[in-house]
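Report on the structure given below.
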Amino acid sequence: MPVFSMSLLGLMMGGAIASEVTSEVRSSADSSLVSTTSSLASTTSVDSIPALNSLDSLAPVPLSPRNSGMSRLTGIAALEQATLGASNSVSQVTSVSQLSDVQPTDWAFQALQSLVERYGCIAGYPDGTYRGNRALTRYEFAAGLNACLDRVNELIAAGLADKVSRDDLAALERLQEEFAAELATLRGRVDVLEARVAEVEANQFSTTTKLNAVSTWHITDLGFDGDLVRETGARDANGDPVTVSSDDTSQTKFGYLTWMNLNSSFTGSDNLNIQLDVSNSQSPANSFVSAGLFNTWGTPFTEQSSGGSFRLRELHYTFPAFNDAVEFTVGPRINVYRFFDNNPYTFILGAIDSFNSSGSTQFNSLDRGAGAIAIVPIGDDFDIRVGYLGEANEFFSSNSASDPSRGLFEGTNTLTGQVSFKPSRNFGLSFLYNRTNNTPPGGNGTIGGATGEPIGGILDDGVSGGGIGTGAANTYLANLSWRVLPDVGLFARYSYADYALWQPDDGDRIGDVVAQSFQAGLAFPDLGKEGALAAVSYLIPYSYLDGREFVLSGAGDGGVQWEIEAAYFYPLSDNIVLSPRLYVINNPNNFSDNPTVWVGNLRTQFRF
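Following the working numbering, the numbering of the sequence shown begins with 1432 at its first residue and continues without gaps.
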């Protein structure tokens, strides 16, 4: 047949339907392009039109958008967006004569032109062209013919066969016979294309990694009058803890802490978290605390030091399982406070956030650990959390989980369970149990403090600084947050721990140390500005109820350290926060005669 001057674009993606044949059967047309993928076998049911029965195996045959510049909206929307872009939007044209680059030179074109104008089965671009001026191949023509065959079958399936003239049916039959080979080839191509489209639609998510960071700059100073007594972690000849005293020699310091998070997802519902941190400062309070009480008073959570070097702070992978009934987190370095003992009014980045109030002093002997955590939602209001972690802290040398001689189960480890009740955004209540097995790294048995909570200080055999073996603690904790009014909230936390001490050699039980901690406070959400938060709390970080004779450092003279903590979190913008803080430490180091210590901290936080 003669070669036609029509472009590939319009007919390659045939099946566009937008013109109104009758008001009863008007198809809903997209502003870009409307097409259909219905099989003619399922629509042809009029016995009086035998010529169309031979179309059973045909379906609309859109070809590659790369070749045609047009796309179907049924099944290949993703490919359209990826290959065409917004500039290639199409609109329905119901007259072939409007398409300036199509030459009406052959009988087949005349026949197709008649079908297009009557049934609206080819679309073009708004400027009236097919974006090309070249001859139309037989395959390209077959694509347009296929669109018109499909449109006629739609009318028949809708019971509107009388809308199709016998002359049109005869023309279709002749065109179908002449282009039978091309139509069959097109169908095979469409089958392959639709299989690829189905795969794309089923796997539209691509691996992504997002970077976000928090950089905190802080100025800190403290002050007290007179001499402050602290314990050194040794015993004198009489078996009493050795103490020293010092006056206030601290200076105002300016430091930083930066966290960088790389969050990657492979399926859209999972998350690989890699957190790096770098910092250069310590709280001045740590120059005056008793041995083993590192970061236990007057210390904002951001007062940490990596020596100016980046460290791997967190590394774990979270994913759903059992049809989203359980969320698992596994990894060699999991931050336990990300999953347990949470309270919105003591959150480390937006509230009181001292080391004492960011989580219970006695909650866990590990800040980071290797292992797994499972979260199981129970209805809309409850969830159960269970986790097992072996020691893997980034800032301690004693990482037993990665030590071949102790490993994940023979070194320091914890087993934690928590039940949470949260019926609304304004109320949360949780109960937690933690079992801690502490393995001293050596020497006199460092149990407690930063290297071995849940008991603050340093514990020994209570005689002459002799070593102890493993210690085992059972900790019970309750945590409450309640937004009583839109601008007033309450929060509280209480924990109780019983710590059993054992001989290093024969494994005989030495005795028990019992301690508790308590915090209660008021919060004022949106004070001064939406997103702001002011909070003040009363806090006992730890007090010994029994077993003081085993406390080598930290028991003091029997006094009970208590604190007032106040903070104001004020967002200057979505990315910058100004946050002043004040900590008032009474009876520091559990010495009732020690002077009150005042710690001030001004923090600027950048989030991006």
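For every residue, glycine included, the Cβ atom is placed at its ideal position computed from N, Cα and C. Computed from a prediction, not measured in an experiment: that's the story for all the values here.
Judged by DSSP secondary structure, residue 1622 falls within the alpha helix (DSSP H) whose first and last residues are 1611-1633.
Inter-segment contact for the region 1941-1957 and the region 1974-1990 is present: three or more beta-carbon pairs are separated by less than 8 Å.
Looking only at 1773, 1903 and 1900, the smallest Cα-Cα distance to residue 1861 is reached by 1773. Contact between residue 1748 and residue 1703 holds, since their C-beta atoms are separated by about 5 Å, short of 8 Å. About 6 Å separates the beta carbon of residue 1659 from that of residue 1676, a gap short enough to meet the 8 Å contact definition.
Counting along the chain, residue 1838 sits inside no beta strand (DSSP E); it lies in the alpha helix (DSSP H) bounded by residues 1838-1841.
Counting only the Cα atoms, residue 1617 lies some 59 Å from residue 1742.
Residue 1729 is positioned such that its CB atom lies no closer than 7 Å to that of residue 1985. About 11 Å separates the beta carbon of residue 2025 from that of residue 1720, a gap too long to meet the 8 Å contact definition. The three-state secondary structure of residue 1950, taken from DSSP, is strand. Between residue 1706 and residue 1736, the CB-CB gap reaches or exceeds 7 Å.
The beta carbon of residue 1732 lies closer than 7 Å to those of 1779, 1784, 1785, 1786 and 1789 in the same chain, with the five residues before and after it left out.
Excluding the 5 residues flanking it on each side, residue 1936 has same chain C-beta neighbours closer than 8 Å at 1900, in chain order. Look at residue 1934 here: in three-state DSSP terms it is coil, with no helix or strand label. Pairing residue 1938 with residue 1963, the inter-Cα distance amounts to about 53 Å.
A distance below 8 Å between beta-carbons, with the five flanking residues on each side excluded, links residue 2035 to the following residues of its chain, in chain order: 1647, 1648, 1649, 2007, 2008, 2009 and 2010. Out of 1867, 1967 and 1746, the CA that lies nearest to the CA of residue 1923 is found in 1967. For residue 1868, the uninterrupted beta strand (DSSP E) segment begins and ends at 1858-1869.
Looking from the CA of residue 1802, the closest CA among 1590, 1809, 1973 and 1823 belongs to 1823. For residue 2033, the closest alpha carbon among the candidates 1951, 1548 and 2000 is that of 2000. By the neighbour-count criterion, in which 16 or more other beta carbons inside 10 Å mark a residue as buried, residue 1867 falls on the buried side. When the Cα atoms are used, residue 1623 and residue 1632 turn out to be separated by approximately 14 Å.
As computed with DSSP, residue 1944 is found in a beta bridge with 1930.
If you compare the alpha carbons of 1981, 1919 and 2028 with that of residue 1934, the shortest gap goes to 1981.
Using a Cβ distance threshold of 7 Å, residue 1925 and residue 1902 do not count as a contacting pair. Sixteen is the threshold: since fewer than 16 other Cβ atoms of the shown chains lie within 10 Å of the Cβ of residue 1809, the residue is exposed. As computed with DSSP, residue 1746 is found in a beta bridge with 1705 and 1764. Taking the Cα positions, residue 1771 is about 32 Å away from residue 1662. With contacts defined by Cβ atoms closer than 7 Å, residue 1745 and residue 1726 do not form a contacting pair. Across the set 2030, 1692, 1815 and 1655, the C-alpha of 1692 shows the shortest separation from the C-alpha of residue 1709.
With respect to residue 1804, residue 1814 sits apart: the two C-beta atoms are not nearer than 7 Å. According to DSSP, residue pairing for residue 1821 in a beta bridge involves 1801 and 1844. The Cβ-Cβ distance between residue 1839 and residue 1849 does not fall below 7 Å.
Beta-bridge partners of residue 1690 (DSSP): 1645 and 1708. By the Cβ-count criterion, residue 1606 is buried, with 16 or more other Cβ atoms from all chains shown falling within 10 Å of its own Cβ. Closest option to residue 1596, judged by alpha-carbon separation, among 1630, 1545 and 2029: 1545.
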